[in-house]
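Here is the structure we will look at, set down as structure tokens.
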Amino acid sequence: MEVRNYETVFILTPVLNETQVQETIEKFSQVLKENSADIIHSENWGLKKLAYPIQKKNTGYYFLVEFTGSGNIVDVLELAFRRDERVIRFLTTVLDKHAVAYSQRRRNGEMNQQKAKQQSEAVAQ
1 MEVRNYETVF ILTPVLNETQ VQETIEKFSQ VLKENSADII HSENWGLKKL AYPIQKKNTG
61 YYFLVEFTGS GNIVDVLELA FRRDERVIRF LTTVLDKHAV AYSQRRRNGE MNQQKAKQQS
121 EAVAQ
């Protein structure tokens with residue numbers, strides 16, 4: 001099978017404590033590693049307000065994971081998300097070459113540098 005780049009964002013219930021959150025993240029990372037996926041990058045976005053209530057909750061812990069793997073890895077990961085009651089939402093997308101380049105620049109901080117440079121130039125004028 002062809003190896004593709006994927007990005008998954010998942011939301012955990014806000015009633016978890018810090019150790020439970022870390023255990024859950026490690027569990028899903030292990031699912032990816034067991035199925036020969038390479039984790040490129042992961043980010044903890046923290047506790048954020050939801051756009052609308054889900055399961056009578058207004059906040060949730062957001063996480064982003066970028067990884068590469070074959071097509072069946074998504075099915076395995078999403079099955080693990082569905083079986084875990086701590087996950088309230090998830091979304092997995094396939095990244096094309098432009099999205100991969102954008103993610104690389106975002107990870108390197110180039111997006112914020114350009115914005116800061118434009119703002120400093122505007123202030124200087």
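Residues in the sequence shown are numbered from 1 upward in steps of one, following full-length UniProt numbering.
Idealized CB from N, CA, C, for every residue including glycine.
Computed from a prediction, not measured in an experiment: that's the story for all the values here.
query: T19 by DSSP, collapsed to three states: which one?; result: helix
query: I need the straight-line Cα distance from Q113 to Y61, nearest angstrom please.; result: 27 Å
query: Using the three-state DSSP reduction, which class does K56 fall into: helix, strand or coil?; result: coil
query: Quick check: the Cα distance between N72 and E78, rounded to an integer number of angstroms?; result: 10 Å
query: Ends of the beta strand (DSSP E) at N5?; result: 4-12
query: How big is the Cα-Cα spacing for K49 and F90?; result: 15 Å
query: What residues in its chain sit with their C-beta under 6 Å from that of L64, if we drop five residues either side in the sequence?; result: V9, E43
query: Look at the Cβ atom of F67, then the Cβ atom of A99, and state whether they are nearer than 8 Å.; result: no
query: Find the nearest neighbour of D84 within the set L95, L12, E7, judged by alpha-carbon distance.; result: L12
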